[in-house]
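In what follows, a single structure is set out as structure tokens and then discussed.
Protein chains: 2
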Amino acid sequence: ERILNNNEDLAAHNREHFDAAGLLCINLMSAPGAGKTSLLERSLLDLSKHWQCSVIEGDMVGELDADRLRKLGVDVSQISTGKSCHLDAQMVARVVHSKALDKLDYLFIENVGNLVCPADFPLGEHKRVVLLSVTEGDDKPLKYPVIFHNCDVVLFTKCDLLPYVNFSVARATQYVQDLNPRAQCFAVSIVTGQGIDDWLNWLSSAYLQSQ
Amino acid sequence: ERILNNNEDLAAHNREHFDAAGLLCINLMSAPGAGKTSLLERSLLDLSKHWQCSVIEGDMVGELDADRLRKLGVDVSQISTGKSCHLDAQMVARVVHSKALDKLDYLFIENVGNLVCPADFPLGEHKRVVLLSVTEGDDKPLKYPVIFHNCDVVLFTKCDLLPYVNFSVARATQYVQDLNPRAQCFAVSIVTGQGIDDWLNWLSSAYLQSQ
Ligand SMILES: Nc1nc2c(ncn2[C@@H]2O[C@H](COP(=O)(O)OP(=O)(O)OP(=O)(O)O)[C@@H](O)[C@H]2O)c(=O)[nH]1
Ligand SMILES: Nc1nc2c(ncn2[C@@H]2O[C@H](COP(=O)(O)OP(=O)(O)OP(=O)(O)O)[C@@H](O)[C@H]2O)c(=O)[nH]1
Ligand SMILES: [Mg+2]
Ligand SMILES: [Mg+2]
Ligand SMILES: [Zn+2]
Ligand SMILES: [Zn+2]
């Protein structure tokens, strides 16, 4: 394989591997603690019954999130990013070349918790999903616009906490739509199960589209 | 003034200006939405009665946080960082050279919401304060260790939400102490006022020490 210098080329290269394997790759991004791993725990409980799933975890150090998912029997590859505040296509390419992808239906990539830099580093994913916790404030799409501008789905997470914070789902949805009319917004909660079916339905229709 | 290339030199230069003016400079860092601006709104309500305070706001785009503080009559300078996920000493130096510092007692810098890169870019501040919202999970010191390793204070924010999340203040405090024994931890809430007096007391003793 020729030397790929920039991130775009490497991302396109990863995408070739994903398409050859016939899997759907999802890049999950958010601020730290918005609920990416919790969403994966809850989603894979259902998805793993019917589909072959795998996860790539990106963290500065340690394997805390990977171990949470391994406890559920999920296959997880850990990427330690060190000082880097985001995953890049080269880090993912190393894993992609070492993993048997052909049996997979879904490959989830949990990015490093950061609402800025992951927006500029595509990894080869088919879909980009941003989680915004209702505890962070509904102004985040205005303050961190780039990541909301180029994503496919925005999940407003922890909606069981709405009674205790001054977050408006309607206002936040409007801010997202103004930036990115094609983005679909879902209000979800791991605690009450709100919106989880809508999210799982979106995943399966995204999968069917990618086939 | 000689050309200062690296961030450390520029930070030291900023510090010279801060010390010449006799002010205390605090760098506030956190994940997006942990409560930095809310803490400033609440703190400056008290501090501005007795002391001359000013704020430098760092955001990718816009002046949403600066305007929240200006509504309270606070003097605020806005730095727009564009694609950069953190403030650096050069951005701050530009403001420092354009502002009359000699009348100030406190200068707060609200950094871009990011738990990774701000850890590596000192700005010339005297004290580094990290906010960790109890809604983000108590594992954050383990997962994003660098910023917790080199700070003076950790504030556990939004403690009114503790009954609704599985965050342990004791566990999080232990994780911080393991990484950084000199850091002081406070549990605070803007809604109930919990811990705000302790935080204001810490600020005034830090100010006295810097004189
Ligand atoms: N109340 C409530 N808490 C939630 C929900 N989802 C996640 N949490 C809590 O939010 C905290 C962070 O959740 P994680 O799933 O670890 O978040 P993350 O985005 O994976 O965090 P990083 O990988 O460190 O960036 C934990 O304390 C979870 O228990 C939810 O729907 N409701
Ligand atoms: N329940 C509760 N909510 C809080 C508290 N402090 C802040 N919030 C809410 O948390 C959200 C974010 O607060 P901000 O002060 O804007 O947070 P920030 O760290 O300045 O955010 P960025 O500058 O965008 O990174 C807002 O909806 C606030 O109302 C608190 O003590 N309790
Ligand atoms: Mg996680
Ligand atoms: Mg703010
Ligand atoms: Zn960065
Ligand atoms: Zn100077």
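Heads up: the protein sequence lines correspond to chains F and P, in order. Residue numbering for the first sequence is 1204 to 1414, as defined by my numbering. Residue numbering for the second sequence is 1204 to 1414, as defined by my numbering. We put the beta carbon where it would ideally sit given N, CA and C, even for glycine. Quick caveat, the model's predicted, so the values are computed rather than measured.
Under 7 Å by beta carbon: chain P residues contacting residue i
i, result
"F:T1395", "None at all; the shortest Cβ gap to chain P is about 12 Å."
Residue environment, residue i, which counts as buried when at least 16 other CB atoms sit within 10 Å
i, result
"P:R1331", "buried"
"F:A1373", "exposed"
"P:S1283", "exposed"
"F:L1227", "buried"
"F:P1325", "buried"
"F:S1371", "exposed"
"P:E1328", "buried"
"P:G1396", "exposed"
"P:L1406", "buried"
"P:P1366", "exposed"
"F:P1348", "buried"
"F:P1384", "exposed"
"F:K1286", "exposed"
"P:N1217", "buried"
"F:E1204", "The predicted model places F:E1204 with a pLDDT of 46, which falls under 50 and marks its position as unreliable; any figure quoted below should be read in that light. Classification of F:E1204: exposed, given that the 10 Å Cβ count is below 16."
"P:A1322", "buried"
"P:H1300", "exposed"
"P:E1219", "exposed"
"P:K1239", "buried"
"F:A1296", "buried"
"P:K1252", "exposed"
"P:D1305", "exposed"
"F:D1415", "Residue 1415 of chain F lies beyond the stretch modelled for chain F, which goes from 1204 to 1414, so this question has no answer here."
"P:L1392", "Sequence inspection shows Ser at residue 1392 of chain P; the Leu mentioned does not correspond to that position. It counts as buried."
"P:S1408", "exposed"
Alpha helix (DSSP H) segment containing residue i, residue limits
i, result
"P:K1346", "K1343 to K1346"
"P:T1240", "K1239 to H1253"
"F:I1399", "I1399 to S1413"
"F:E1211", "N1210 to A1224"
"F:V1298", "A1292 to V1299"
"P:V1258", "First-last for P:V1258: C1256 to D1262, but that is the beta strand (DSSP E), not the alpha helix (DSSP H)."
"F:T1395", "F:T1395 -> no alpha helix (DSSP H), and no H or E assigned at all."
"P:Y1378", "V1372 to L1382"
"F:D1363", "That residue, F:D1363, is in no alpha helix (DSSP H); it is neither H nor E in DSSP."
"P:A1269", "L1267 to R1273"
Contact list for residue i against chain F, beta-carbon separation under 7 Å
i, result
"P:E1339", "P1235 and G1236"
"P:S1336", "T1338"
Chain P residues whose Cβ lies nearer than 9 Å to that of residue i
i, result
"F:N1383", "Correct list: empty, because the minimum Cβ distance to chain P is about 15 Å."
"F:L1364", "T1338, L1364, Y1367 and V1368"
9 Å Cβ cut-off: residues of chain F touching residue i
i, result
"P:P1348", "M1263, V1264 and G1265"
"P:D1323", "K1286"
Start and end residues, beta strand (DSSP E) containing residue i
i, result
"F:F1359", "V1356 to T1360"
"P:D1278", "D1278 to S1283"
"P:M1232", "L1227 to S1233"
"F:V1332", "K1330 to S1336"
"P:A1390", "Q1387 to A1390"
"F:Y1309", "Y1309 to E1313"
Assumed close pair residue i, residue j - CB separation to whole angstroms, cut-off 8 Å
i, j, result
"P:V1258", "P:F1311", "5 Å"
"F:N1210", "F:A1292", "5 Å"
"P:A1390", "P:F1359", "5 Å"
"F:T1338", "P:K1361", "7 Å"
"F:L1275", "F:E1244", "6 Å"
"P:S1233", "P:G1316", "6 Å"
"P:L1364", "F:L1364", "7 Å"
"P:L1290", "P:G1261", "4 Å"
"P:C1388", "P:V1379", "6 Å"
"F:M1263", "P:V1319", "7 Å"
"F:F1231", "F:N1314", "It should be noted that the sequence gives Leu, not Phe, for residue 1231 of chain F. Indeed, because the Cβ distance is near 6 Å, the residues count as touching under 8 Å."
Chain-ordered chain P contacts of residue i [CB-CB under 8 Å]
i, result
"F:N1317", "C1288, N1317, L1318 and V1319"
"F:K1343", "P1235 and G1236"
Interface residues of chain F facing residue i [CB-CB closer than 8 Å]
i, result
"P:K1361", "T1338"
* What residues in the segment 1291-1309 of chain P have a beta carbon less than 9 Å from any beta carbon of chain C? -> Among the protein chains in the structure shown, which are F and P, there is no chain C.
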